[in-house]
Amino acid sequence: MLHCVQHDKNRIMSNKVINGFTTAWKGLSLTLGHLFASNAKRKVISASDNNYFKQLEGTNTIQYPHQSLPVPEVGRYQLDVEIDDCIVCDLCAKICPVDCITIDSIKATEVIGQTSDGSKKMLYAAKFDIDMAKCMYCGLCTIVCPTECIVMTNQYDKTVFELKDLNYEFSDMTPEDAAEKRALLEKQQAEKQAAKLAAMQKKEAGE
Amino acid sequence: MNIYLTYFAIGIGLFAFSALFALFGVYAERKVAAFIQDRLGPTETGKFGMLQTLADGLKLIQKELIIPAAADKILFMMAPAIIFIAVYMGFAAMPWAPGVVPTSLNLGLYYIFAIVAIETLGILMAGWGSNNKYSILGAMRSVAQIISYEIPAGFALISVVMIAQSLNMQTIAMQQGVLSGEGVKFLGFWDVSKIGGIFAWNIFRAPHLIIAFVIYFIASLAESNRAPFDIPEAESELVAGFHTEYTGWRFAFVFFAEYSMMFLVSMISVVLFLGAWNTPLPNIGSVQLATWTTGIAWGIIWVLLKSLLLVGAQMWIRWTLPRLRVDQLMNLCWKVLTPLAFLCMLVSGIWRVFLM
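Taken in order, these protein sequences are the chains called A and S. Yeah, the first sequence ends on 207 if you go by our numbering, and it's all consecutive. Yeah, the second sequence ends on 563 if you go by our numbering, and it's all consecutive.
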């Protein structure tokens, strides 16, 4: 009986050894195949392509700065503002869930101009900052924008050395310009106030 | 005076060789790993990334040498030197071509086996000196592994020595080709002392030496701490094992030693089993391929080529097989390799008595 058990044990051991070698060889032949299949370069095709997931042969690497995969058109990446088309309505700043858009507006004394879709511009944007470090890429601001001046581009590779470089400033006004416009607005408001006062006084006098 | 200059020249030459081989070996390793994993490996530094390891070396030399505050300073500083020198000294007795051997030692194989075992001491010093739990665990594992695997490796080598009847590496090399003075028999019956080539190699002179070769190859993977026996540095468990705390050129020397060790154990396999510097091409009638391709330059080419093939196999195995657990490692060593190595030694004795 004991002899029999010993015999079985020996057989199991030798089976194990043979099994070890055959499975090791299986693995080795698999990796050898890959070692020599690596001269096939990966094709740069979009993920929407039908053959995208069928690329099983050869190298998988995309040499990123030299090559890059095409990005989907509707992808949500870096924000960009066409400030000439902006009517400074502040909707984007209000909808933003993380408050990454800061807008400082100055009422103009008259109509400044028109956007490319014909809307009247009545406000100056003294400050139009988007802090991309805070942005969560939800894209709500691009939806609410009445003039479609705030859009998401296909730029996704944005690395900077200073955190403050991620704060994009889109306003094209200098501080002096802004100060001048503010002074004009104050002057106009003062004039309006004076006119109002004068009218009231006139009214009172007339009674 | 001149003879000392020769000594220095040989020493510097061997050092230059191991440094160059380390540079090449790391590059080859990274490329092989990358190709096996369907990647590209280094591509940016130089053509095909060939200057990558040189750049890495320059970076390592410039780095600060940090000694942990609680480390045993003397052990910590000496360890990389001992690890490297142990391996580097092993090259002293390795034959490169007919008549080309740094030192023709009668005890060559014994000396190599002894001096390479000193590496274990260096590893233990590094692990202990670092005063870091990962380092000491790595070092303990390394020592346990290397000492265990020296037994099957040693008996596999002894079975060759019994066939060759010499410990001198150059004598063993000489026996396996057309330059052999005594008769060489393929599988013990066909006299190939004039034919040479692959038939005269030790693994074909006595076929059980093929098993001894496989045993030695597996054991040598364990001795050079290569995967699947890399539990001493097991990245996923021990950070980097015994060299966790090393920086700068001290780390570079540990790396140097690993790659030199890879080449050294491959070269030992080549000398003892695969015909050393002898050509694989046999003499066929008047086409004296073996005689034409035997010589100093040819010898160096063959020994390099064969050793590099084995180094390539080591890399191939590293990037294929998963790491063994400690118990599996010991199982393999004591229950499989050691009995097989004993069996080889026994067959060697019978072979020597009845067939040679």
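Just so you know, even glycine gets a beta-carbon here, dropped at the ideal spot from N, CA and C. Computed from a predicted structure; not experimentally measured.
TODO: Please name the residues in the stretch 60 to 77 of chain A whose beta-carbon is closer than 8 Å to at least one beta-carbon of chain S, in chain order.
DONE: N60, T61, Q63
Review point. Going by DSSP, which residues form a beta bridge with G113(A)?
Key: K121(A)
| task | Taking only beta-carbon positions, decide if K542(S) is within less than 9 Å of chain A. | result | yes
Applying the 10 Å Cβ sphere with the 16-neighbour rule, what's the burial state of E341(S)? Before going further, note that residue 341(S) is Tyr rather than Glu in the sequence given. By the 10 Å Cβ count, Y341(S) comes out buried.
query: Leaving out the 5 sequence neighbours to the left and right, which residues in its chain are closer than 6 Å to C135(A) when beta-carbon positions are compared?
result: Cβ neighbours of C135(A) beyond the five flanking positions: C100.
| query | Between the stretch 482 to 491 of chain S and the stretch 424 to 442 of chain S, do three or more beta carbon pairs fall short of 8 Å? | reply | no
Legend entry - Start-to-end residues for the alpha helix (DSSP H) that takes in E180(A): Element bounds for E180(A): 175 to 206.
key: Chain-ordered chain A contacts of L517(S) [CB-CB under 7 Å]   = Per Cβ cutoff of 7 Å: no residues; L517(S) is ~14 Å from chain A at best.
Alpha-carbon to alpha-carbon, V233(S) and Q67(A) | 27 Å
*Classify W526(S) as helix, strand or coil using the three-state DSSP reduction.*
The answer is coil: DSSP assigns W526(S) none of H, G, I, E or B.
query: Any contact of the stretch 513 to 526 of chain S with the stretch 329 to 339 of chain S, i.e. 3+ C-beta pairs under 8 Å?
result: no
- Task: Give the DSSP bridge partners of F393(S), in chain order.
- Result: W397(S)
Could you tell me the boundaries of the beta strand (DSSP E) in which I103(A) lies? Per DSSP, I103(A) belongs to the beta strand (DSSP E) from 101 to 107.
>> Can you look up E357(S) in the DSSP assignment and give me helix, strand or coil?
In response: helix
Quick check on the burial criterion: 16 or more other C-beta atoms within 10 angstroms. Buried or exposed for T545(S)?
buried
query: Does any C-beta atom of chain S lie closer than 9 Å to the C-beta of A125(A)?
result: no
**Message:** Please tell me whether T31(A) has its Cβ less than 9 Å away from any Cβ of chain S.
**Reply:** Output row for T31(A): interface = yes.
Counting only beta-carbon separations shorter than 9 Å, does V44(A) have a partner in chain S? no
**OP:** Please state whether DSSP places D437(S) in a helix, a strand or coil.
**Re:** coil
* **Partner residues on chain A for T527(S), Cβ-Cβ distance less than 7 Å** => G27, L28, T31
- Query: With DSSP run on the structure shown, which of helix, strand or coil describes L531(S)?
  - Reply: Look at L531(S) here: in three-state DSSP terms it is coil, with no helix or strand label.
**OP:** Taking M152(A) as part of the beta strand (DSSP E), name the residues at either end of that continuous run.
**Re:** 150 to 152
_For M563(S), tell me which candidate among R412(S), I475(S), E444(S) has the shortest Cα-Cα distance._
Out of R412(S), I475(S), E444(S), the CA that lies nearest to the CA of M563(S) is found in R412(S).
Under 7 Å Cβ to Cβ from D90(A), same chain only, skipping five residues before and after it: list those, please.
Counting only Cβ-Cβ distances below 7 Å, and skipping sequence neighbours, we find I103, S105.
Exercise for review: On a CA-only basis, which of K392(S), Q244(S), A360(S) is nearest F561(S)? Give me that one, please.
Suggested key: K392(S)
Beta-carbon separation of T142(A) and M152(A) under 9 Å? For T142(A) and M152(A), yes; Cβs fall inside 9 Å.
ask   = So, is the C-beta of T545(S) closer than 9 Å to a C-beta in chain A?
value = no
Identify whether Y168(A) lies in helix, strand or coil by the three-state DSSP scheme.
Strand at Y168(A).
For this session: Using beta-carbon positions only, say whether T498(S) and L272(S) come within less than 9 Å of one another.
Result: no
Which two residues bound the contiguous alpha helix (DSSP H) that contains L79(A)?
Taken as a continuous stretch (DSSP letters only), L79(A) belongs to no alpha helix (DSSP H), being part of the beta strand (DSSP E) at 79 to 81.
- Who are the neighbours of V17(A) on chain S, taking C-beta pairs under 7 Å? V543
Exercise for the section: Using 10 angstroms around the beta-carbon of K238(S), count the other beta-carbons present and answer buried if the total reaches 16, otherwise exposed. Expected result: buried
| query | Checking contacts by CB at 9 Å: is N13(A) closer than that to chain S? | reply | Per the sequence shown, the amino acid found at residue 13(A) is Met instead of Asn. It does: the Cβ of M13(A) has a partner Cβ on chain S nearer than 9 Å.
- prompt: CA-CA distance, L258(S) and S400(S)?
  reply: 45 Å
Given this structure, state the Cα-to-Cα distance separating M474(S) from L374(S), to the nearest angstrom. 15 Å
Q. Any chance the stretch 173 to 191 of chain A sits against the stretch 123 to 133 of chain A, with 3 or more Cβ pairs inside 8 Å?
A. yes
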